[in-house]
Amino acid sequence: MSGAQVEIQFIAILTAVACALPGVFLVLRKMAMMSDAVSHAILFGIVVAYFIVKDISNPFLILGAALAGLLTVLLVELLYKTRLLKEDAAIGLVFPLLFSLGVIMVSRFASHVHLDTDAVLLGELAFAPFDRLTIAGVDIGPKTMWVIAGILLLNVAFLTSFYKELKLVTFDAGLAGALGLAPAAIHYSLMGLVSLTAVGSFDAVGAVLVVALMIVPPATAYLLTDRLFHMLLLAAGFGALSAVTGYWGAVWMDANIAGSMATMTGVWFAVVFALAPDRGLLAQARRRKRQRWEFARRMLIVHILQHENEADSSTECSVGHMQDHLHWGKDFADRVLRGAKKQNLVEVRNDCLFLTERGRISAEKAMVE
Amino acid sequence: MLEVFTDYTLRTVSLGAMLLGLVSGALGSFAMLRRTSLLGDAISHAALPGIAIAFLLTGSKSPIVLLLGAGVAGWIATVNMIQIVRRSRIKEDAALGLILSVFFGFGIVLLTLIQQLPTASQAGLDKFLFGQAATLMQRDVVVMAVLGIPALLLTALFWKELKLLAFNPDYGSTLGFPMRGLEYVLTTLLVVAIVIGLQTVGVVLMSAMLVAPAAAARQWTDRLSIMVLLAALFGAFSGVTGALVSSMVPKLPTGPTIVVIVSLVVLLSLLLAPNRGVLWAWLRQFRNRRALQVQAVMEDLYLLARQHADDPLTPHPDAVLRTMATGHGGVDRSLQELEERGLARRVVGWSLTEKGLKEAHEMASRFDPRMRELDPPQVKRGEREE
Chain A
6 MSGAQVEIQF
16 IAILTAVACA
26 LPGVFLVLRK
36 MAMMSDAVSH
46 AILFGIVVAY
56 FIVKDISNPF
66 LILGAALAGL
76 LTVLLVELLY
86 KTRLLKEDAA
96 IGLVFPLLFS
106 LGVIMVSRFA
116 SHVHLDTDAV
126 LLGELAFAPF
136 DRLTIAGVDI
146 GPKTMWVIAG
156 ILLLNVAFLT
166 SFYKELKLVT
176 FDAGLAGALG
186 LAPAAIHYSL
196 MGLVSLTAVG
206 SFDAVGAVLV
216 VALMIVPPAT
226 AYLLTDRLFH
236 MLLLAAGFGA
246 LSAVTGYWGA
256 VWMDANIAGS
266 MATMTGVWFA
276 VVFALAPDRG
286 LLAQARRRKR
296 QRWEFARRML
306 IVHILQHENE
316 ADSSTECSVG
326 HMQDHLHWGK
336 DFADRVLRGA
346 KKQNLVEVRN
356 DCLFLTERGR
366 ISAEKAMVE
Chain B
13 MLEVFTDYTL
23 RTVSLGAMLL
33 GLVSGALGSF
43 AMLRRTSLLG
53 DAISHAALPG
63 IAIAFLLTGS
73 KSPIVLLLGA
83 GVAGWIATVN
93 MIQIVRRSRI
103 KEDAALGLIL
113 SVFFGFGIVL
123 LTLIQQLPTA
133 SQAGLDKFLF
143 GQAATLMQRD
153 VVVMAVLGIP
163 ALLLTALFWK
173 ELKLLAFNPD
183 YGSTLGFPMR
193 GLEYVLTTLL
203 VVAIVIGLQT
213 VGVVLMSAML
223 VAPAAAARQW
233 TDRLSIMVLL
243 AALFGAFSGV
253 TGALVSSMVP
263 KLPTGPTIVV
273 IVSLVVLLSL
283 LLAPNRGVLW
293 AWLRQFRNRR
303 ALQVQAVMED
313 LYLLARQHAD
323 DPLTPHPDAV
333 LRTMATGHGG
343 VDRSLQELEE
353 RGLARRVVGW
363 SLTEKGLKEA
373 HEMASRFDPR
383 MRELDPPQVK
393 RGEREE
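Below, the structure written as structure tokens:
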């Protein structure tokens, strides 16, 4: 690994973690698409700020762009409050417009600077190590790295100082309001943070892929845990994992790094979605299957309980009768019977089924339930 | 502007943009009413890897192949999204964002791979990001028509069912319509609408073409049929205008131009549409406030008149009325209006006229039934006649 490679991966990890942390709250608050809106709209902010400060690396540029993100949030809410549009339509109107204005301004007036439409969508992580920050003549690493590290630090600081408030506002906004925690203030600070993080990551991964880093790792974590703190840690972990695997995938295929990172977030999500304990597809399928057999066994013992003392109990409770009476296929009936015998619920005497003591208790319990 | 009919490029471009606007406007209406406006965003972003894979597999850049790939990818993305929502605790918004960004990221990876192929000039694929109307050719428009016109016909054919889906899917289920199947029909139609627009508007902004014309049309009417027609019209208008402007002005990407124009249409609709428009609402509110102010001042004058039962026409200074009108302004304006209507008059201060007294009494009785039992204040003749 060369120095540049290490630096790129480090930047990628920082970006992924910085995005995942506020992303957790977006996912939990059902505002995931807001990240899409914000990340598109900041292009507009970046361009306008660029025209004012005329310097692409000016810190005011970041601030201006972040303000554009907040502007999006405000505009969406303004539109939504007229009650002329639903929220999804409001989002779908605001960000394409701001993004379009940004793209038009870039291609008309700013194509000679480093802003170009490809960079807007894709980011330029591969070039990040070339733009170095030097203080008093000492090279202290790529500029992007310091920017994104600063933003990550800010995110962590915000989360730790307002953890309790964020938690309450996220899960019970009404109670938060009643306790005087100012849900609106928390909401806007969070959106400001999302916006700032998107701006910081924009340079590295581009507009659309910011969305991948903000939404997918938290969604993955959401499948694995019920605890907010664990979700934050897991989301950061999956973000970092996607960053590293995405980077190596990109190196291997010689493809765009940001695109590869986004793809990897999806791959990890798919893996977790398939395999997660409890909530994974596999676990769901296994549970359904178990429940199906469980239900069939119950049917069987309840059936025997119903008919054991009747005159025709010898036919009703015969082994072969189950197939007709419960409309089971032969294989299925055999398997149910085998399972029931294995669990010591029924016993077979003279080709007739009888409940065991244990079977009677479960059958009676099933009837009461 | 007449060149549109003679110039080959301009004619092709406007025809293509018109088709795109018609189809996306009409189908976007259903998406908006279903509150799935952002689904279009996910589908259109997800089309990118489809386009790239179609190209990688066939090596062909013919529009039908690429758009087919886009359609298949968009459809797979939607099905995936629906399954994620149905089979996990992840909500719709996160599922949308997830599908959108992951598919798009994968598409970007594929595009960069294609760029490295020794044989391929990928110039043809790049335009799918932001759209390039100027490169539209006749065969593209033919493909758009072949896809779009059946989509519109299907919409007409399934009109009643789609209407149910948009407004009350549960009721539709009780009537025995396969609502889930219809949802897939609508999704497929949306995919078609998006695919049609990809070359002109691009994957990044295509969603706006579904949302914006529908959002604008919604403001002008409460009837679905008119809304769909209007949306198609708005879509076609913005598409044609945007495409023409961008093909005539250099360095003006088509997709963003169309989006800016369609957003203007939305803005105007939001402001001006009768009944719902924001401007009308303001005007109504303003008028109501004025009317209430006038009423309040009249009531104050009436109360004062009642307190002077011996002479209801006793004038009262402005200051008294202003004090009584704490909490709302416009006393002077209201008095002026009352005077113009002959309900109040200025002597030294202000009092109601006889006509004003009568009207004020009626008004007060309307608000407070107990007033009805009281006699209206009587003016004693000859005491205060000018």
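Chains A and B supply the protein sequences, listed in that same order.
For the numbering used here, count along the first sequence from 1 and bump the result up by 5.
For the numbering used here, count along the second sequence from 1 and bump the result up by 12.
Backbone N, C-alpha and C define an ideal beta-carbon position, used for all residues, glycine too.
All figures in this text were calculated on a predicted structure; none of them were measured in a lab.
Pairing Ala-203/A with Val-309/B, the inter-Cα distance amounts to about 55 Å. Identification of chain B residues near Lys-91/A by a Cβ-Cβ cut-off of 7 Å yields Arg-47, ordered along the chain. Interface annotation, Met-38/A: in contact with chain B, CB-CB separation under 8 Å. Here Trp-273/A carries a helix assignment [DSSP, helix/strand/coil]. Thr-87/A has its alpha-carbon roughly 20 Å from the corresponding atom of Met-38/A. Sequence-ordered contacts of the segment 96–117 of chain B with chain A read Ile-96, Arg-99, Ser-100, Arg-101, Ile-102, Lys-103, Glu-104, Asp-105, Ala-106, Ala-107, Leu-108, Gly-109, Leu-110, Ile-111, Leu-112, Ser-113, Val-114, Phe-115, Phe-116, Gly-117 [C-beta pairs closer than 9 Å]. Counting C-beta pairs closer than 8 Å gives fewer than three between the segment 209–229 of chain A and the segment 63–73 of chain A, which falls short of the contact rule.
With contacts defined as CB atoms closer than 8 Å, Gly-251/A and Ser-265/A qualify as a contacting pair.
In this structure the segment 77–96 of chain B touches the segment 59–67 of chain B; the number of beta carbon pairs closer than 8 Å is three or more. Chain-order list of chain B residues neighbouring Ser-7/A: empty, with the shortest C-beta distance near 21 Å, by a criterion of under 8 Å.
The C-alpha of Glu-311/B lies about 18 Å from the C-alpha of Arg-299/B. For Ile-57/A, there are no neighbours in chain B by C-beta distance under 8 Å, as the nearest C-beta there is about 21 Å away. Among the CB atoms of chain A, one or more fall inside 8 Å of the CB of Lys-263/B. In the same chain as Ile-208/B, and ignoring 5 residues on each side of it, the C-beta atoms closer than 6 Å to its own belong to Leu-32, Val-35, Met-156, Leu-159, Gly-160, in chain order. Judged by their CB atoms, Met-269/A and Gly-254/A are nearer to each other than the 8 Å cut-off. Going by DSSP, Cys-322/A is part of no beta strand (DSSP E) at all; its letter is neither H nor E. Rounded to whole angstroms, Phe-142/B and Leu-202/B show a C-alpha spacing of 19 Å.
Contact annotation, Phe-140/B with Val-223/B: C-beta distance approximately 20 Å; criterion of less than 8 Å not satisfied. The criterion of a C-beta distance shorter than 8 Å is not satisfied by Leu-80/A and Val-52/A. Beta-carbon to beta-carbon, Ala-25/A and Pro-222/A are separated by about 4 Å, close enough to satisfy the 8 Å threshold. Per DSSP, reduced to three states, the secondary structure at Val-174/A is helical. Scanning its chain for C-beta atoms nearer than 7 Å, with the 5 sequence neighbours on each side dropped, one finds no residue around Ala-106/B. Taking C-beta separations shorter than 8 Å and ignoring five residues to either side along the sequence, the partners of Ser-113/B in its chain run His-57, following chain order. By the CB criterion at 8 Å, Leu-198/B and Phe-67/B fall outside the cutoff. Residue-level contact check: Val-290/B touches chain A, since one or more beta carbons of chain A fall below 8 Å from its beta carbon. The C-beta of His-45/A has 16 or more other C-beta atoms within 10 Å across all chains shown, which makes the residue buried.
Under the rule that a run must span 3 or more residues, the beta strand (DSSP E) segments found entirely inside the segment 300–364 of chain A read 351–354, 357–360. Of the candidates Ser-346/B, Val-290/B, Phe-118/B, Val-213/B, Val-213/B places its Cα closest to the Cα of Gly-28/B.
In this structure Leu-89/A is not in contact with Gln-297/B, their Cβ atoms being roughly 15 Å apart against a cut-off of 8 Å. Relative to Ser-219/B, the option among Thr-21/B, Thr-24/B, Thr-48/B, Met-260/B whose CA is nearest is Thr-48/B. Around the beta carbon of Met-239/B, a 10 Å sphere encloses 16 or more other beta carbons of the protein chains shown; the residue is thus reported as buried. It is roughly 7 Å from the alpha-carbon of Met-44/B to the alpha-carbon of Ala-94/A.
By the C-beta criterion, the segment 266–282 of chain B is judged to be in contact with the segment 243–257 of chain B, since at least 3 inter-stretch pairs fall below 8 Å.
Assigned with DSSP and collapsed to three states, Ile-102/B falls in coil, not helix or strand.
At a cut-off of 8 Å between C-beta atoms, Asn-261/A counts as an interface residue with respect to chain B. The Cβ-Cβ distance between Leu-180/A and Leu-171/A does not fall below 8 Å.
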